[in-house]
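Once you know that position 28 of the sequence shown is 30 in the numbering used here, the rest is easy, because the numbers rise by one and skip nothing. Beta carbons are placed, not taken as given, at the ideal position from N, Cα and C, and that holds for glycine. Here the structure is a predicted model, which means the values were calculated and not measured.
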Amino acid sequence: MEETWIVAVSNQPVLYTLQYIQAIAVLSIKLSPEEREAWKTSRALDKNTWNGEKTWEAILSFVISKLSKGRSVYEADTEEMSVLSSSVWSQQSIEYNLQQFCLPFLRLCSLLQHHLYGDDLPGCPREKEFSVLASGLGLLSSTLALCDCMRVLVDPCGGSGVHWLSGGIYADSVEIGQAVSWPWITYVVCSRQSNGVPGKLFNTRSGLKCHYGYEGKGDRDDNFYSLVKKDAF
């Protein structure tokens, strides 16, 4: 008998918390060994517990300290990591990196909410997409002009989002490099000349034509939405 799994909309805050921690873990791989050592020994999160201040700096320090135990995941693919770690990281670039990792999850949740409850798919400039989607999903009390991933982060389970790191599971059993990510999809605004259907996942030529039209070649219609696979072209 086939099993059917339904994810309640009320679980979105918990799932977002897990997605955020995964984004932090993947980000930590891109840091240089010197940067990771500095974060690991920082006092951002006192004694590696979840009782400290809940900031991205604190969570990054916590995650690095836990993933560094045993056979470190940071010891693999050192050549690739050396290329990634050559980047200069700032607070803005870290926030952008985290948002890009979490955005596909917010898009999928918005699409699910649209199909289940008929909620509108919001239209907005690309730079405000994160805050608009988070607000539409009830993860923010209001749409903020500037919003960071941490402001959306909630942990109603009292820290269970990181218990898998602080318990008996250590780095030698965690495959961060093969972490499951959400499909890379994006919302686009289509013209009525395209033959798409609002809310449909396109991987056809009509969908691609619609997407290219959105890049400045077609008529923009704010009431007609579509979903396009970003990797389809």
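Can you determine whether any heavy atom of the ligand NAP sits closer than 7 Å to the C-beta of TYR98, and answer yes or no? Annotation note on the ligand NAP: not contained in the displayed structure, which lists no ligands.
Please name the residue in LYS42, TYR18, GLU59, HIS116 whose C-alpha comes closest to that of LEU69. Answer by Cα proximity: LYS42.
If you reduce the DSSP assignment to three classes, tell me which class LEU58 lands in. Checking the sequence shown, residue 58 turns out to be Trp, not Leu. Correct three-state label for TRP58: helix.
For the alpha helix (DSSP H) that PRO35 lies in, which residues bound it at each end? Note, PRO35: alpha helix (DSSP H), 35-42.
Under the three-state reduction of DSSP, which class applies to LYS32: helix, strand or coil? The DSSP-derived three-state label of LYS32 is helix.
Can TYR18 and LEU114 be called in contact, C-beta distance under 8 Å? TYR18 places its beta carbon 8 Å or farther from that of LEU114.
Go ahead and label ARG109 buried or exposed: buried means 16 or more other beta carbons lie within 10 angstroms of its beta carbon, across all protein chains shown. Burial call: buried.
Nearest neighbour of GLU37, chosen from SER63, GLN21, TYR22, LEU20 [CA to CA]: Nearest option by C-alpha distance: SER63.
Since GLU129 and LEU105 are thought to touch, with beta carbons under 8 Å apart, how far apart are those beta carbons, to the nearest angstrom? Contact between GLU129 and LEU105 is ruled out by a C-beta separation of about 12 Å, above the 8 Å threshold.
Do the CB positions of ILE26 and VAL65 come within less than 8 Å of each other? Yes; because the gap between Cβ atoms is below 8 Å, this pair is in contact.
The alpha helix (DSSP H) that contains ARG109, what's its start and end? Residues 93-119.
With distances taken Cα to Cα, identify the nearest neighbour of GLY125 among SER112, HIS117, LEU118. Between GLY125 and the set SER112, HIS117, LEU118, the nearest pair of CA atoms involves SER112.
Member of SER30, SER137, VAL134, GLY120 whose CA lies at the smallest distance from the CA of ALA60: Considering only SER30, SER137, VAL134, GLY120, the residue with the shortest C-alpha distance to ALA60 is SER30.
So, with DSSP's three-state summary, where would you put LEU141? Residue state, collapsed to three classes: coil.
Please state whether the Cβ-Cβ distance between GLN14 and LEU139 is less than 8 Å. In contact: GLN14 and LEU139 (Cβ atoms closer than 8 Å).
Classify LEU1 as helix, strand or coil using the three-state DSSP reduction. Here the chain comprises residues numbered 3 to 235, so residue 1 is not present and cannot be evaluated.
Going by C-alpha to C-alpha distance, which of TRP91, PRO35, ILE96 sits closest to THR57? By alpha-carbon distance to THR57, the top candidate from TRP91, PRO35, ILE96 is ILE96.
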